[in-house]
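Chemist: In the UniProt record's numbering, the protein residues as written are 1 to 290.
Quick one: structure below, then a few questions.
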């Protein structure tokens, strides 16, 4: 395994955080939302002061903390974390924003930490939330998404299938890890042009994407050797123990040597035997053999 890989939170990780927050802080009042020195919260934090948290939901890879009038958006980007504490602890690293919460006599502190500061905390009004939701394509875990529609959205752009899966305007929620796993399970080479994806391939890919995302949710996300992703209680996920191809050196099916390529700067693992490339396609990615 390549210990240098960086886990970027994807749908299962964001789902886990959202679900846990909904179970623990729904109905709490936001006493205050404060940015730490050197960090800026987009929008006006005072708009949610003394507001009750009415709902917490996920849109793609965004966490939405909703009050009656306004919504606080949290996007984890590469290294973001949301931690729930009984009080603010000095040992918590990279804290960028702090939610002070209260319900009856119970006090909680919810912190957003972000080592690389690519994440985002923003206060949105209803129109901005509506605009946000319209940015994203369908999610594979949505059982209303059928193969015909999935194939249609994949063919919206003339690109390769790995790029299409990572484009949130085409398919929402998938990131590098789960897209890599889904392509392996469906036997599709990551550099296959979207125009060459047929109905049967799309059906296999949709089934595989649902499978890996749902398993990722069940196992509370993936935590790589960087230990960056944890849930709101500071606990790692366990889906990394079930990786089939990601960060592997041998294919679990045919035992061929796994290949590793860069696609738009992202490491992609695949089996050259189980995921054979269409003849005549000339990849722009540079291959590295692990």
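All residues carry an ideal CB built from backbone N, CA and C; glycine is no exception.
At which residue ranges does the segment 117-171 contain complete beta strand (DSSP E) runs of 3 or more residues, listed in the order of the chain?
Modeler: Counting whole runs of 3 or more residues, the segment 117-171 contains the beta strand (DSSP E) stretches 120-124.
Chemist: Which residue's Cα is closest to the Cα of residue 29: 22, 49, 38, 39?
Modeler: Of the candidates 22, 49, 38, 39, the one whose C-alpha sits nearest the C-alpha of residue 29 is 49.
Chemist: Ends of the beta strand (DSSP E) at residue 293?
Modeler: Here the chain covers residues 1 to 290 and nothing more, so residue 293 does not appear.
Chemist: Are the beta-carbon atoms belonging to residue 187 and residue 274 less than 8 Å from one another?
Modeler: Cβ distance < 8 Å, so residue 187 and residue 274 count as in contact.
Chemist: Tell me the rounded alpha-carbon separation between residue 23 and residue 59.
Modeler: For residue 23 and residue 59, the distance between alpha carbons rounds to 17 Å.
Chemist: Return the bridge partner residues of residue 99 from the DSSP annotation.
Modeler: BP columns for residue 99 point to 33, 110.
Chemist: Would you list the residues sitting across from residue 257 in a DSSP beta bridge?
Modeler: BP columns for residue 257 point to 250.
Chemist: Residue 258 to residue 70, Cα distance in whole Å?
Modeler: Computed Cα separation, rounded: 48 Å.
Chemist: Nearest CA to the CA of residue 152: which residue from 206, 117, 99?
Modeler: When each option's Cα is compared against that of residue 152, the closest is 206.
Chemist: Does the Cβ-Cβ distance between residue 294 and residue 121 come in under 8 Å?
Modeler: For the chain, the structure presents residues 1 to 290; residue 294 sits outside this window and is missing.
Chemist: Tell me whether residue 162 is buried or exposed, calling it buried when 16 or more other Cβ atoms sit within 10 Å of its Cβ.
Modeler: By the 10 Å Cβ count, residue 162 comes out buried.
Chemist: Am I right that residue 141 and residue 54 are in contact with their C-beta atoms under 8 Å? What's the rounded C-beta distance?
Modeler: Contact doesn't hold; Cβ gap of about 24 Å is too wide.
Chemist: Got a sec: does the ligand HEM put a non-hydrogen atom nearer than 7 Å to the Cβ of residue 211?
Modeler: Summarising the ligand content, the structure contains no ligands, and the ligand HEM is consequently not present.
Chemist: According to the Cβ coordinates, are residue 25 and residue 108 closer than 8 Å?
Modeler: It is a contact, given that the beta carbons lie within the stated cut-off.
Chemist: Can you tell me which of the three DSSP states residue 216 falls into?
Modeler: Looking at residue 216 - three-state DSSP - the assignment turns out to be helix.
Chemist: Could you work out which residue in 197, 176, 195, 128 is closest to residue 265 when comparing CA atoms only?
Modeler: That would be 176, whose Cα lies nearest to the Cα of residue 265.
Chemist: Nearest to residue 247 by CA position, among 235, 223, 236, is which residue?
Modeler: Measuring from the Cα of residue 247, the nearest candidate turns out to be 223.
Chemist: Taking all protein chains shown into account, decide if residue 12 is buried (16 or more other Cβ within 10 angstroms of its Cβ) or exposed.
Modeler: The residue is buried, with at least 16 neighbouring Cβ atoms inside 10 Å.
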